[in-house]
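Note that this note's numbering has the sequence shown beginning at 6, numbered continuously upward.
Beneath this line is the structure, given in structure tokens, with notes to follow.
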Amino acid sequence: MVSYWWSRGDGLANHQLGQILTRAAGVDEVDITDPQSIDRIVRVAVADPTVLVELDRWWQMVETRRAGNATKNPGLGLEQAIRYLTDRLDAAAVTPEALGECRRQVAAVDQRVTGAKDLPELAHPDAQMLDLLARYLEARSRVLALV
6 MVSYWWSRGD
16 GLANHQLGQI
26 LTRAAGVDEV
36 DITDPQSIDR
46 IVRVAVADPT
56 VLVELDRWWQ
66 MVETRRAGNA
76 TKNPGLGLEQ
86 AIRYLTDRLD
96 AAAVTPEALG
106 ECRRQVAAVD
116 QRVTGAKDLP
126 ELAHPDAQML
136 DLLARYLEAR
146 SRVLALV
């Protein structure tokens, strides 16, 4: 459950997880961005009953914080979606196929953002998330303006 809720991309919760795992591993800092590192350290950390209780509390806190919504943080893939759209729109000629791909990408991102609207990342966005959303809306508008 720890790995699952870590993968949802809740920055604040993952920072707290990093602190727990850093204390448990007895190192300066755990790489909280690497899934293999997380899995490896969690497997070692659960051998300590005190850490096991702390990890159990952590994933339950994350599940509650996210109201059981398992949608990933939409900011995780937003940069790639923006790049994908702008690369195709900035091409010398936008083919009907490329436009169709862009519209499918917009639909997928819109669905992901809508599904995450009540999550902490969107309910209380930071400056980085606001910038990503503004850049996405600009690229999205460009796609939808094309006939």
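Quick reminder that beta carbons are idealized off the backbone N, C-alpha and C, glycines included.
Computed from a predicted structure; not experimentally measured.
For Pro79, which three-state DSSP category applies? coil
Among Val56, Met66, Ala50, whose alpha-carbon lies nearest the alpha-carbon of Asn19? Met66
Inter-stretch contact (C-beta, 8 Å, three-pair minimum) for the segment 19-38 and the segment 52-62: yes
Measuring alpha carbon to alpha carbon, tell me which residue in Leu90, Lys122, Asp44, Trp64 is nearest Gly105. Leu90
Can a CB atom of chain C be found closer than 8 Å to the CB of Thr119? In the structure shown, chain C cannot be found, because there is only a single protein chain.
Within 10 Å of its beta-carbon, does Asp15 have 16 or more other beta-carbons around it, so buried, or fewer, so exposed? buried
So, with DSSP's three-state summary, where would you put Thr27? helix
Any chance you could list the beta strand (DSSP E) runs of at least 3 consecutive residues sitting entirely within the segment 38-124, in chain order? Contiguous beta strand (DSSP E) elements confined to the segment 38-124 do not occur, taking only those with 3 or more residues.
Please list, in chain order, all residues of the same chain as Arg88 whose beta carbon is under 6 Å from its beta carbon, the five residues on each side excluded. none
Please list, in chain order, all residues of the same chain as Ser12 whose beta carbon is under 8 Å from its beta carbon, the five residues on each side excluded. Pro40, Lys77
Any 3 or more C-beta pairs closer than 8 Å across the segment 91-111 and the segment 145-152: Here the segment 91-111 lies against the segment 145-152, with 3 or more beta-carbon pairs under 8 Å apart.
Taking the Cβ atom as the reference point for each residue, do Ala103 and Ala96 lie within a distance shorter than 8 Å? Cβ atoms of Ala103 and Ala96: closer than 8 Å.
In three-state terms, what does DSSP make of Val7? helix
Is Leu17 closer than 8 Å to Pro125 when the C-beta atoms are compared? yes
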